[in-house]
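*Asks:* If you scroll down you'll find the structure; I have some questions about it.
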Amino acid sequence: MPLLLTLAGLGPAAATPLQSGNILISTGNTLYEYTPAGAWVRTVPIPYPGGTRPTTETARDVVVDASGNLALYNGTFDPYVSQYDVAAGTWTHTTHTGWSTANNASYGGLARYESFVFATDMLTYGTGDSPRGLVRFDLGGSTPVRFADTVDFIDVTLGQDGLLYALASNEYTVQVYDPSTLALVRTLNLPFGKSIRGIAVSQQGEIYGASWDDNIYRFSAAGVQLGQLYSGAYDLIDIDLSAEGLLVVSSRFGNILFTDLQLSSLSSFTVGSAPAFVTFVPQVSDNLLVSSDNSLLEFTANGQLVRTTAIPSNDIARDLTVSTNGRIELYNGTFEPLLSRYDSATGAWTHWTHLGWSTANNVSYGGIASTQHRVFVTDMATAGAGAPRGLVYFDLNTGSAQRFADTVDFIDVTLGQDGLLYALASNEYTVYVYDPSSLALVRTVNLPAAVRAITASTTGELYGASWDDFIYRFSAAGVQLNRVYSGAADLIDIDISPVSQQVAVGSRFGTVILTDLALSTLRAFSAGNSEAFVSFTTPASKSN
């Protein structure tokens, strides 16, 4: 089982979100954020579990997760995946038996896909350190998985084509895997003798390499060399590619270099003199998704329609949630509903269901929430077979489902920004709070006003959308702190943006209201004339 430890984080800007487009640099056991122009933003010391860092245990590669938090390859012979919660300023550390890397300044790669982090593994000579391959860590807490265990790898990256690319220790063989199934897709060889230590991959499958010979290389998807650029820096070790087509490359001696996909330009700055690993902070959208009249609508924060996607009809499409990598899950139906997933990258739909799952035919019922690959939906006793009730938990990695909390009819469920699962009973005021990993009941809260939908802030404060047309704010204990009249009839859904902390509320007749956590200002736009369920496009924070 993984070892989990939590330590207090350090850093002057712990509560400030990472800025999209900036560069994160792991060097000298310290994490830095810089702008691409070389302006310093913040410094965060990287702790090693136990308090004292052995001289061999160096912090290496770094990635950013879907919630804007960090994961690092922290160590050498006894490494950890160290997660940094930027808002809370706290660290969580996870390890796995036999995982290690050779003590080379350029080794130790990390990649992220959905809720998973993939780390390179090598045969070393410590006790129990004979395994090799790749290790997949689930940031949700399940047991790590080792695969591809006949190869020593030195770097791994998620290509912009959605595949996982792993560079072998011979510095030219690249193994390509499906990150969902872990199946090998293909193997390719880069030209021999190029001393590639780090790789990044474009949407077209072109591979960019950072080389110990001081050059930046460009290869076709088949491994044919298309170009090279002399960097002017010694011993390149890491490389990353932004969604906008900018490459960042780092060296053994703290040089940070930038170029384009054609390798036609070069700029640089320096951060210290130690080996540096780099990654971009990805762009984060704060658009709003609306499920209404069996259509999926995307709006900007100003109410401008971006796109419309038809939802495969299964009676009435209800609530929706955004998980990771542009994937959207919907509560699709009433008495025989489907859990319908839309992949915005491919345009494909996937559907699941579970025996006895249903909801009453009320326009505001049918809630859904997700945390990584886990999706939770409300269940009610209706006229279907067996008439079960409660919450249904779907594991989309395995396709399995299970029912829990099966003595209560629920009408809404949400993943709070505090990482807990909040479920609203059909009496419209009792809220059951669960641990989304163990499914254990944490507490029960009784609200003083009836609401149809709920959402929860980072502090556990509850916000409610009510059929009486008011938006409510409650303390974590359920005490009413505020309410505001929405100006729209019959409110049915509510969500909080993890990016801007805006509150979005949907109504029975298509009005969408936007407000702040204090409920001090309101603005609205129309998403049509039918019921409007709402979700921001950035996934809710993960749970650990």
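In case it helps, the working numbering puts the sequence shown at residues 771 to 1314.
A virtual CB, placed ideally from N, CA and C, is assigned to each residue, including glycine.
Is the stretch 1001-1017 touching the stretch 1029-1039 in the sense that three or more CB pairs, one from each, lie closer than 8 Å?
*Replies:* Because the criterion of three Cβ pairs below 8 Å is met, the stretch 1029-1039 and the stretch 1001-1017 touch.
*Asks:* Buried or exposed: which applies to S1325, given that a residue is buried once 16 or more other Cβ atoms fall within 10 Å of its Cβ?
*Replies:* Coverage of the chain is limited to positions 771 through 1314, which leaves residue 1325 absent and any answer about it impossible.
*Asks:* I need the DSSP call for E1231, collapsed to helix, strand or coil.
*Replies:* Reduced to three states, the DSSP call for E1231 is coil.
*Asks:* Rounded to the nearest angstrom, what separates V955 and G868 at their Cα positions?
*Replies:* So the two alpha carbons sit approximately 26 Å from each other.
*Asks:* Going by alpha carbons, who is nearest to G911 out of W1119, Q973, E1301 and Q853?
*Replies:* Considering only alpha carbons, the answer is Q853.
*Asks:* So T792 is in the beta strand (DSSP E); what residue range does that whole segment cover?
*Replies:* In the sequence as presented, Thr is not what sits at residue 792; that position holds Asn. Per DSSP, N792 belongs to no beta strand (DSSP E) and is neither H nor E.
*Asks:* When we look at the beta-carbon of Y1216 and count the other beta-carbons within 10 Å, is it buried (16 or more) or exposed?
*Replies:* Before going on, a small fix: residue 1216 reads as Asn here, not Tyr. Counting Cβ neighbours within 10 Å, N1216 comes out exposed, since fewer than 16 surround it.
*Asks:* Does the contact criterion of 3 or more C-beta pairs under 8 Å hold for the stretch 839-853 versus the stretch 862-882?
*Replies:* A contact exists between the stretch 839-853 and the stretch 862-882.
*Asks:* Taking 8 Å as the cut-off, decide whether the C-beta atoms of L1058 and A1274 are in contact.
*Replies:* Going by C-beta atoms, L1058 is nearer than 8 Å to A1274.
*Asks:* Per DSSP, what kind of secondary structure is V1076 in: helix, strand or coil?
*Replies:* Three-state DSSP puts V1076 in a strand.
*Asks:* Run through DSSP, which three-state label would R882 get?
*Replies:* In the structure shown, R882 sits in a strand (DSSP, three-state: E or B).
*Asks:* With distances taken from CA atoms, which of T1129, G1073, G1186 and F1164 is nearest P1158?
*Replies:* The shortest C-alpha separation from P1158 is found at T1129.
*Asks:* Any idea which residues DSSP pairs T1200 with across the strands?
*Replies:* In the DSSP output, where bridge partners are listed per residue, T1200 has N1216.
*Asks:* So, helix, strand or coil for D1113, using DSSP?
*Replies:* Three-state result, D1113: strand.
*Asks:* Is it buried or exposed, S1134, if we count other Cβ atoms within 10 angstroms and call 16 or more buried?
*Replies:* Buried.
*Asks:* Count the other C-beta atoms from every protein chain shown that fall within 10 angstroms of the C-beta of D948, then say buried if there are 16 or more, exposed otherwise.
*Replies:* Burial call: exposed.
*Asks:* For the beta strand (DSSP E) that S1001 lies in, which residues bound it at each end?
*Replies:* No beta strand (DSSP E) holds S1001; DSSP gives it neither H nor E.
*Asks:* Taking 8 Å as the threshold (C-beta atoms), are L934 and F989 in contact?
*Replies:* In this structure, L934 does not lie closer than 8 Å to F989 by Cβ.
*Asks:* May I have the straight-line CA-CA distance separating G1126 from T860, to the nearest angstrom?
*Replies:* The straight-line gap from Cα to Cα measures roughly 41 Å.
*Asks:* So does the stretch 1254-1263 actually touch the stretch 1297-1305, counting three or more Cβ pairs closer than 8 Å?
*Replies:* Segments in contact, yes.
*Asks:* Does the beta-carbon of E803 have 16 or more other beta-carbons within 10 angstroms, so that it is buried, or is it exposed?
*Replies:* With 16 or more other Cβ atoms within 10 Å, it is buried.
*Asks:* Hey, how far is the Cα of V946 from the Cα of T1152?
*Replies:* The alpha-carbon atoms of V946 and T1152 are separated by roughly 47 Å.
*Asks:* Is DSSP giving H863 helix, strand or coil here?
*Replies:* H863: strand per DSSP, three-state reduction.
*Asks:* As an exercise, report each continuous alpha helix (DSSP H) stretch of at least 4 residues that is fully enclosed by the stretch 826-852, in chain order.
*Replies:* Listed in chain order, there is nothing to give.
*Asks:* Quick one: what's got a C-beta closer than 6 Å to D1085's C-beta in the same chain, skipping five residues either side?
*Replies:* So the list reads G1103 and T1104, once near-sequence residues are dropped.
*Asks:* Does N714 come out as helix, strand or coil in the three-state DSSP assignment?
*Replies:* No statement about residue 714 is possible, as the shown extent of the chain runs from 771 to 1314 and does not include it.
*Asks:* Rounded to whole angstroms, what is the Cα-Cα separation between T1229 and T1285?
*Replies:* Roughly 18 Å between the two C-alpha positions.
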